[in-house]
Amino acid sequence: MDNRSVSWDKEVEAKFNLMINKLPIFHRQMAERVAKTGAEENAQKRNSSLVQEEDVVRAFLEEVPKPFYSMMIKLFDEVGFDYKKYQNRA
Numbered sequence: 004m005d006n007r008s009v010s011w012d013k014e015v016e017a018k019f020n021l022m023i024n025k026l027p028i029f030h031r032q033m034a035e036r037v038a039k040t041g042a043e044e045n046a047q048k049r050n051s052s053l054v055q056e057e058d059v060v061r062a063f064l065e066e067v068p069k070p071f072y073s074m075m076i077k078l079f080d081e082v083g084f085d086y087k088k089y090q091n092r093a
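First residue of the sequence shown: 4, per my numbering; consecutive thereafter.
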């Protein structure tokens, strides 16, 4: 990741934090670090200084191991991330 700083859309950040807090406690720290970094990198790839829903969803879709995929989809639904429009583009 380069030196440009990114900020987060407030609604997206709230959903991200809610999703992280719904994860089993032993996954939270690693998932938060990996997904946050991935989301910020995705925003930068789009030449944006603002992390948006698509950046977070793609980060989770790219980084979450397949055995946890169904749990991730359930959490997307619970927190209100519209993952379906990004699912095939991750």
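We treat Cβ as the ideally placed atom computed from N, Cα and C, and that holds for glycine.
Bear in mind that the values here come from a model prediction, so they are computed numbers and not experimental data.
Which of helix, strand or coil does DSSP assign to residue i?
i: L26; result: coil
i: S52; result: coil
i: S8; result: coil
i: G41; result: helix
Which residues in the same chain have their Cβ closer than 6 Å to the Cβ of residue i, if we skip the five residues on either side of it in sequence?
i: L21; result: V82
i: M4; result: At M4 the pLDDT is 45, less than 50, meaning the model places this residue with poor confidence; the figure from the coordinates comes in the next sentence. Contacts found: E44.
Could you give the distance in angstroms between the alpha-carbon of residue i and the alpha-carbon of residue j?
i: N91; j: R61; result: 10 Å
i: L26; j: A46; result: 23 Å
i: F79; j: N50; result: 25 Å
i: V59; j: F29; result: 20 Å
i: I35; j: S73; result: In the sequence under discussion, the amino acid at residue 35 is Glu, which differs from the Ile named in the question. Taking the straight line joining both Cα atoms gives about 18 Å.
i: M31; j: N24; result: A small correction: the amino acid at residue 31 is Arg; Met does not occupy that position in the sequence shown. Cα to Cα, R31 sits roughly 7 Å from N24.
i: K48; j: G41; result: 10 Å
i: V15; j: S8; result: 17 Å
i: S52; j: L64; result: 21 Å
Since I believe residue j is in contact with residue i (beta carbons under 8 Å), could you give me their beta-carbon distance rounded to a whole number of angstroms?
i: D85; j: V54; result: Rounded, the Cβ-Cβ distance is 15 Å, inconsistent with contact.
Less than 8 Å between C-beta atoms, sequence neighbours within five positions excluded: which residues of the same chain meet that for residue i?
i: K18; result: E56, V59, V82, G83 and F84
Leaving aside the five residues before and after residue i along the sequence, list all residues of the same chain whose C-beta is less than 7 Å from its C-beta, in chain order.
i: E66; result: V37, A38 and G41
i: P68; result: none
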